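In my numbering, the protein residues as written are 56 to 379. Each residue gets a CB set at the ideal place from its N, CA and C atoms; glycine is no exception. All values reported here derive from a predicted model rather than from experimental measurement. To start, the structure itself, in structure tokens.
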Amino acid sequence: MDYTEVSIETTRPGAEELTAVLEDVAQGFVIDDSQDVQDLLDAPSPRWDYIDERLVARKSDQTGVTLRFYLEDSEDGQLSLAEARQRVEQLKSQGEEALGSLSMTVRPVRSEDWENNWKQYYKPFVVGPRLLVRPSWEEARPEEGQKVLVMDPASSFGTGSHATTRLCLEELEGMDLEGRMLLDAGCGSGILAIAALLLGAREGLVCDVEENAIRTTLENMEKNGLEKERCTLLQGDFLQDEAMYRQLAEHRYGIITANIVSDVLIAMAPHLCRWLEEEGDLLLSGIIDERGDEVLEAYEKEGMLVKNRKSREGWTMLHLGKKV
Numbered sequence: 056m057d058y059t060e061v062s063i064e065t066t067r068p069g070a071e072e073l074t075a076v077l078e079d080v081a082q083g084f085v086i087d088d089s090q091d092v093q094d095l096l097d098a099p100s101p102r103w104d105y106i107d108e109r110l111v112a113r114k115s116d117q118t119g120v121t122l123r124f125y126l127e128d129s130e131d132g133q134l135s136l137a138e139a140r141q142r143v144e145q146l147k148s149q150g151e152e153a154l155g156s157l158s159m160t161v162r163p164v165r166s167e168d169w170e171n172n173w174k175q176y177y178k179p180f181v182v183g184p185r186l187l188v189r190p191s192w193e194e195a196r197p198e199e200g201q202k203v204l205v206m207d208p209a210s211s212f213g214t215g216s217h218a219t220t221r222l223c224l225e226e227l228e229g230m231d232l233e234g235r236m237l238l239d240a241g242c243g244s245g246i247l248a249i250a251a252l253l254l255g256a257r258e259g260l261v262c263d264v265e266e267n268a269i270r271t272t273l274e275n276m277e278k279n280g281l282e283k284e285r286c287t288l289l290q291g292d293f294l295q296d297e298a299m300y301r302q303l304a305e306h307r308y309g310i311i312t313a314n315i316v317s318d319v320l321i322a323m324a325p326h327l328c329r330w331l332e333e334e335g336d337l338l339l340s341g342i343i344d345e346r347g348d349e350v351l352e353a354y355e356k357e358g359m360l361v362k363n364r365k366s367r368e369g370w371t372m373l374h375l376g377k378k379v
């Protein structure tokens, strides 16, 4: 079924008023507010390290707020559209400047089978001779001795195709992980932890501030036939949560992975280095090239040295170990 997209130019107070007035006409309102981007840019402790220039440009070009909603392209949808127009005109007639222009635009939107069409863009890929990644709906024939990691884009986190994750996977694939204890700080989809466990790591602890990340990691472990007992999943920020910090600090880890933004990596430096075994390996990714030296300096201060450093598509991965 096709749809009709309805956009109304308004203000923040106007968006609240419109959603109240139109709540029985339409569902699934989308509020596009340039101030949200500015708030993100001004945040004192950002959880991002890079923002798309197109988003910043869009903020500069946009004024006010746009409220969007969608109606079915059907007789009922047309009746709802007529009712929405009438109610917006009634608001306009009140002449309240605080609501903005309330100008309405309508355009048809062709429905596509998004649930299945995106699958054509995600295919199996080989990380190296020991690891192959595939989506659950694709068959793949691994080489002898090659582990298969099942990961679906629908998980809403990393699938392994992004440079930050791919660099870590390639590094893990080339290491001897047999019998090691793993810590994955900022697990996302759990792909790095799952790869390490498939490649021989004994057990792991994974943590993330997002509840959805923990749920997704558990789902992906099940897809890959990994027992829950092999991995402890913790939700929270160990830099703020003392109980969680103590639980992580009970162990020493043979391998630690952290694919997150540079500021968080820097804040974690003394803790990750303290928890790493003397002969352990620390993989850091999610670092834009311009901040690679800054992150490395923070870890060198904690007694770490570079075992390997790679860059791809503007992103840096650091493989570190303790100075002997």
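What residues are listed by DSSP as bridge partners for residue i?
i    : result
T287 : L260
Y125 : E60
N279 : BP columns for N279 are empty, so no partner.
I311 : L238 and L337
M372 : K365
I249 : None, per the DSSP bridge assignment.
V120 : T65 and D88
A183 : Note that residue 183 is Gly in the sequence shown here, rather than Ala. Per DSSP, L186.
Measure the C-alpha to C-alpha separation of residue i and residue j and round it to an integer number of angstroms.
i    : j    : result
E277 : E199 : 23 Å
I269 : C286 : 11 Å
K147 : E297 : 54 Å
G291 : I342 : 22 Å
S62  : P68  : 16 Å
V182 : E225 : 6 Å
T160 : L73  : 15 Å
L380 : D128 : Outside the shown range of the chain, which is 56 to 379, sits residue 380, and nothing can be said about it.
E266 : F293 : 14 Å
L136 : V80  : 8 Å
K283 : L273 : 8 Å
A153 : T66  : 7 Å
Let me know the secondary structure DSSP gives residue i once reduced to three states.
i    : result
V379 : coil
W192 : coil
S317 : helix
V350 : helix
R67  : helix
R165 : coil
M230 : coil
L273 : helix
Between which two residues does the beta strand (DSSP E) containing residue i stretch?
i    : result
L331 : L331 to I343
K147 : That residue, K147, is in no beta strand (DSSP E); its alpha helix (DSSP H) goes E130 to S148.
L237 : M236 to A240
L204 : K202 to V205
In the DSSP assignment, find the unbroken alpha helix (DSSP H) run with residue i in it and report its ends.
i    : result
T214 : Counting along the chain, T214 falls outside any alpha helix (DSSP H), and DSSP gives it neither H nor E.
E297 : E297 to A304
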